[in-house]
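Read top to bottom, the protein sequences are chains Y and L.
Using the numbering used here, you'd call the opening residue of the first sequence number 106 and step up by one each time.
Using the numbering used here, you'd call the opening residue of the second sequence number 106 and step up by one each time.
The beta-carbon is built from N, C-alpha and C at its ideal position, and this holds for glycine as well.
Some notes on the structure that comes next.
Number of protein chains: 2
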Amino acid sequence: MRTQYSTRPREQVSAILKREQRYLSAAEIHGLLRKSRQNVSLSTVYRTLDLLAGKGEASARVDAGGETTYVVCDQTHHHHAVCRKCGKVQDVSCEAIESVASALRTHHGFKLADHEMQFFGTCGACK
Amino acid sequence: MRTQYSTRPREQVSAILKREQRYLSAAEIHGLLRKSRQNVSLSTVYRTLDLLAGKGEASARVDAGGETTYVVCDQTHHHHAVCRKCGKVQDVSCEAIESVASALRTHHGFKLADHEMQFFGTCGACK
DNA sequence: CTTAATTTGCGAATCATTCGCAGAATCATT
DNA sequence: AATGATTCTGCGAATGATTCGCAAATTAAG
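Next up, the structure:
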């Protein structure tokens, strides 16, 4: 895999993700594409999602039913606030984590290297 | 399902979890049980893990390979600090989250209802 | 427009997890 | 400690998401 081709199917998948701004599974994306008569195979949807996640342009999350879902997001380190009503995902920066890191070190003798976080609630628009 | 029977296989699965103190998949637990000549079927391991997770006595996490893994933990709300060396999991209380919640409200107009967190690093014993 | 490299689509293969059901274990009562 | 009602277990088959293999189609570049 020397270079990476920019192809129609890949752009179609990316476009859906950019448009929706919420966590979508491969199957859902495939369904949305079919609705608008853009025939991209399910395999290609999967491959494209892996690619995007690998480049850090999308982030993955396994939902309650065990399906892996993806959202577009920027590449800096951050976290997601997921609205329980509309599903929309907002990026959240994470300075606050610093205080958690020092508490971990103090109380648990634990040296923090990495962390995962996810927030659920109601977004401004849905209130 | 009126009452719940206390059975050998269930206790054997719980015992492994209590002993290991780290995230284990159903298959791993099944393997560990076989090694010590305790034959519990894989189905029963799965069923027992669901039960424990349902009662809040264990908590589940999908690992990088897509397998669901479980640890024992107490029932109060808390988070996990996972050691990257030995895999051991420590419970971490979460007062620090309060400050994150207010920041979310202020900066993003987001009303926090729930959250997930997971920490990775090196535990005191492994340093 | 040719060629070499990468992608696609299809169906088949994988892998974790769930189900169905007959037989075994458990519990509460005699 | 024997009985009966209920809940478990084990097995193999079924499911469902994801991955693979490979031939045909696209892409980038000369």
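Problem set entry | For Thr174 (chain Y), the nearest candidate out of Y:Asp219, Y:Val150, Y:Asp196, Y:Glu221 (CA to CA) | Y:Val150
Problem set entry | the region 188-215 of chain Y: positions lying closer than 7 Å to chain L by Cβ | Arg189, Gln195, Val197, Ala201, Ser204, Val205, Ala208, Leu209, His213, Gly214, Phe215
Problem set entry | Residue-level contact to chain L via CB, Thr227 (chain Y), 8 Å cutoff | yes
Exercise. Is the Cβ-Cβ distance between Gln126 (chain Y) and Val194 (chain Y) less than 8 Å?
Worked result: yes
For this session: Can you tell me which of the three DSSP states Gln180 (chain L) falls into?
Result: coil
Problem set entry | Boundaries (first-last residue) of the alpha helix (DSSP H) holding Ser146 (chain Y) | Here Ser146 (chain Y) belongs to no alpha helix (DSSP H), and DSSP marks it neither H nor E.
For this session: Could you tell me the distance, in whole angstroms, from the CA atom of Ser198 (chain L) to the CA atom of Leu129 (chain L)?
Result: 22 Å
Exercise. First and last residue of the alpha helix (DSSP H) that includes Tyr221 (chain Y)?
Worked result: The question names Tyr, yet the displayed sequence has Glu at residue 221 (chain Y). Here Glu221 (chain Y) belongs to no alpha helix (DSSP H); instead the beta strand (DSSP E) covers 216-227.
Exercise. What are the complete alpha helix (DSSP H) segments, minimum 4 residues, inside the region 121-172 of chain Y?
Worked result: 131-140, 147-160
Problem set entry | Selected residue, minimal CA-CA separation from Leu217 (chain Y), among L:His184, L:Gly226, L:Arg139, L:Asp179 | L:Gly226
Exercise. Taking the continuous beta strand (DSSP E) assigned at Gln195 (chain L), which residues delimit it?
Worked result: 194-197
For this session: Report the option in L:Gly161, L:Cys188, L:Ala120 whose CA atom is closest to the CA atom of Gln223 (chain L).
Result: L:Cys188
Exercise. Name the chain L residues whose beta carbon is nearer than 7 Å to that of Val167 (chain Y)?
Worked result: Val167
For this session: With distances taken Cα to Cα, identify the nearest neighbour of Cys228 (chain L) among Y:Ala206, Y:Ser119, Y:Gln143.
Result: Y:Ala206
Exercise. Roughly how many angstroms lie between the CA atoms of Met106 (chain Y) and Asp155 (chain Y), to the nearest whole one?
Worked result: Annotation note: pLDDT 43 at Met106 (chain Y) (below 50); position unreliable, coordinate value reported separately. Roughly 15 Å between the two C-alpha positions.
Problem set entry | Identity of the residues DSSP links to Cys188 (chain Y) by a beta bridge | Y:Gly226
Exercise. Based on the DSSP output, what are the partners of Thr108 (chain L) in its beta bridges?
Worked result: BP columns for Thr108 (chain L) are empty, so no partner.
Exercise. Can you check whether the CB of Ala230 (chain L) is closer than 8 Å to the CB of Phe215 (chain Y)?
Worked result: no
For this session: Return the chain-ordered list of same chain residues with a C-beta closer than 8 Å to the C-beta of Lys190 (chain L), the five sequence neighbours on each side being excluded.
Result: Thr227, Cys228, Cys231
Exercise. Between Arg124 (chain Y) and the ligand FAD, is the CB less than 7 Å from at least one heavy atom?
Worked result: Among the components modelled here there is no ligand, and therefore nothing to report on the ligand FAD.
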